[in-house]
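Quick note, the sequence shown lines up with residues 68 to 290 if you use the numbering used here.
Ideal placement from N, C-alpha and C gives every residue a C-beta, glycine not left out.
The structure appears right after this line, and notes come after that.
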Amino acid sequence: MTDTHTLAPPDFAAARRHMIESQLRPSDVSDPVVIAAMAVTRREDFVPAGQQHLAYIDRSVPLGGGRVINPALSTGLLLTRAELSGNDKVLLIGAGTGYVAALLAGIVAHVVAVEDDRALVEHATTALSGMANVSVIESPLAQGHAADAPYDLIIIDGAVQQVPEAILAQLAEGGRLLAGVDENGVSRLATGRRQGGAFALIPFADTDIAPLAAFARPKSYSF
Numbered sequence: 068m069t070d071t072h073t074l075a076p077p078d079f080a081a082a083r084r085h086m087i088e089s090q091l092r093p094s095d096v097s098d099p100v101v102i103a104a105m106a107v108t109r110r111e112d113f114v115p116a117g118q119q120h121l122a123y124i125d126r127s128v129p130l131g132g133g134r135v136i137n138p139a140l141s142t143g144l145l146l147t148r149a150e151l152s153g154n155d156k157v158l159l160i161g162a163g164t165g166y167v168a169a170l171l172a173g174i175v176a177h178v179v180a181v182e183d184d185r186a187l188v189e190h191a192t193t194a195l196s197g198m199a200n201v202s203v204i205e206s207p208l209a210q211g212h213a214a215d216a217p218y219d220l221i222i223i224d225g226a227v228q229q230v231p232e233a234i235l236a237q238l239a240e241g242g243r244l245l246a247g248v249d250e251n252g253v254s255r256l257a258t259g260r261r262q263g264g265a266f267a268l269i270p271f272a273d274t275d276i277a278p279l280a281a282f283a284r285p286k287s288y289s290f
C-alpha cells in the first residue's frame, strides 16, 4: 500500500499579513491607506502561472522578457511617498501585470496604466477587469499617454536614467512624479514636483527596483 499526501494550498492571506508585519511596517511604509491596500490586494493574482509561491518573497518576481514585479517594500515606499489622494488622476508607466495599478485603484480617482509588452498587457487587463477606474493602455513606455493628460501624479514603476520631456509635459502644474533612478547600477527611489515648469528628481530611499530599458540614456561613443 502506498502512502499519498496531499499538499495543503498556500495560505496567501497569512503571507500577506507576514509581508505587512515583516517587510513593510519595520521599513518606513507608514501610510495607513497604502498598508490597507497592500493587505487586501492579492499579489498572487499578478505573478505568472506556476509562480504564485513567490508572490510574497522579499525580492522581485520575474515576469519574463527582463521585466519583474518589484519587491513589495519598494512599492510600499514609493506609494507612501506619493501622498495619494482620492481625487488624483494617476499615470502609471510600466504597469506590468497590474499589481501597482490594483493598489492605486482602491485609493485614487482614476489610473491610466501604460504597458508596452503585449503579454503583460493581456495579464493586466484580465487581472484588473473588475476595476472600473483603471484603463490599461498598450503604448511605448517613454511616450506615456498624452490623451488623458494632465495627471496629478505620474509613477514610473522601475528605475530610469532619464525622464523624457514627453512624460514631464503630461504632469500637471504642482503634480508629483515618482520613479526609481538608476545611477551607475545603484537604484534609488526618487520624487519630484513640477513647479513653474521646473522639475528635478530627489532620491529619498536606497532600495531594489528594476531598471526600465525604455528610460536608458542614449549611449555615447568615444573615438
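Taking Cβ to Cβ, would you say residue i is nearer than 9 Å to residue j?
{"i": "Val203", "j": "Val227", "result": "no"}
{"i": "Asp275", "j": "Ser141", "result": "yes"}
{"i": "Ala257", "j": "Gly225", "result": "no"}
{"i": "Thr164", "j": "Leu130", "result": "yes"}
{"i": "Tyr166", "j": "Arg110", "result": "yes"}
{"i": "Pro217", "j": "Glu240", "result": "yes"}
{"i": "Ala104", "j": "Leu158", "result": "no"}
{"i": "Ala199", "j": "Ala162", "result": "no"}
Smallest Cα separation from residue i: which of the options?
{"i": "Gln210", "options": "Gly165, Arg110, Ile160", "result": "Ile160"}
{"i": "His212", "options": "Asn137, Val230, Ser196, Ala180", "result": "Ala180"}
{"i": "Lys156", "options": "Asn251, Ala214, Gly263, Ile276", "result": "Ala214"}
{"i": "Gln119", "options": "Ala104, Val101, Val175, Asp78", "result": "Asp78"}
{"i": "Val175", "options": "Ala199, Gln237, Ser152, Ala233", "result": "Ser152"}
{"i": "Ala186", "options": "Val135, Met198, Gly197", "result": "Val135"}
{"i": "Gly259", "options": "Asp219, Gly252, Ala280", "result": "Asp219"}
{"i": "Ile221", "options": "Leu144, Asp184, Leu238", "result": "Leu238"}
{"i": "Ala116", "options": "Ala106, Val107, Val128", "result": "Val128"}
{"i": "Ala277", "options": "Leu235, Met105, Gly252", "result": "Gly252"}
{"i": "Phe282", "options": "Glu150, Thr192, Val96, Asp183", "result": "Asp183"}
{"i": "Gly173", "options": "Ala106, Pro93, Pro207", "result": "Ala106"}
{"i": "Pro93", "options": "Ala168, Phe113, Asp112, Leu144", "result": "Leu144"}
{"i": "Phe266", "options": "Gly197, Glu88, Ala236", "result": "Ala236"}
{"i": "Leu208", "options": "Met198, Ala199, Ala191, Ile234", "result": "Ile234"}
{"i": "Pro299", "options": "Arg148, Ser206, Val114", "result": "Nothing about residue 299 can be reported from this structure: the residues present for the chain run from 68 to 290 only."}
{"i": "Glu150", "options": "Asn137, Ser97, Arg284, Gly264", "result": "Ser97"}
{"i": "Phe271", "options": "Gly263, Asp95, Asn137, Glu205", "result": "Asp95"}
{"i": "Ile223", "options": "Val114, Asn154, Gln262, Asn137", "result": "Asn137"}
{"i": "Gly197", "options": "Glu88, Thr108, Ala80", "result": "Thr108"}
For residue i, I'd like the list of residues in its chain whose CB is within less than 6 Å of its CB, leaving aside the five on either flank, ordered along the chain.
{"i": "Met86", "result": "Tyr123, Ala139"}
{"i": "Gln90", "result": "Asp125, Ala139, Leu140"}
{"i": "Leu146", "result": "Val101"}
{"i": "Asp273", "result": "Arg255"}
{"i": "Val230", "result": "none"}
{"i": "Arg243", "result": "Leu220, Arg260"}
{"i": "Phe290", "result": "Unreliable placement is indicated for Phe290, whose pLDDT of 43 sits below 50; the coordinate value is still reported in the next sentence. Taken in chain order, the list of residues that qualify is empty."}
{"i": "Pro285", "result": "none"}
{"i": "Asn154", "result": "Ala176"}
Give every residue of the same chain whose Cβ lies closer than 8 Å to the Cβ of residue i, excluding the five residues on either side of it in the sequence, and list them in chain order.
{"i": "Ala280", "result": "Gly133"}
{"i": "Gln262", "result": "Glu240, Gly241"}
So, for residue i: in the same chain, excluding its five sequence neighbours on each side, which residues have a beta-carbon less than 7 Å away from its beta-carbon?
{"i": "Ile269", "result": "Ala257, Thr258, Gly259"}
{"i": "Met68", "result": "Because Met68 sits at a pLDDT of 49, beneath the cut-off of 50, its placement in the model cannot be relied upon, and the point is left open."}
{"i": "Asp112", "result": "Ala194"}
{"i": "Val201", "result": "Ala168, Ala172, Val178, Ala180, Leu195"}
{"i": "Ser206", "result": "Val181, Asp183, His212"}
Quickly, what does DSSP pair residue i with across the bridge? List them, please.
{"i": "Glu182", "result": "Glu205"}
{"i": "Pro129", "result": "Val135"}
{"i": "His177", "result": "Lys156"}
Practice item. Please go through the stretch 221–262 and give each complete alpha helix (DSSP H) segment of 4 or more residues, from N-terminal end onward. Key: 232–235
Point to revise | Contiguous beta strand (DSSP E) assignments of at least 3 residues, all confined to the stretch 76–164 | key: 128–131, 134–136, 156–160
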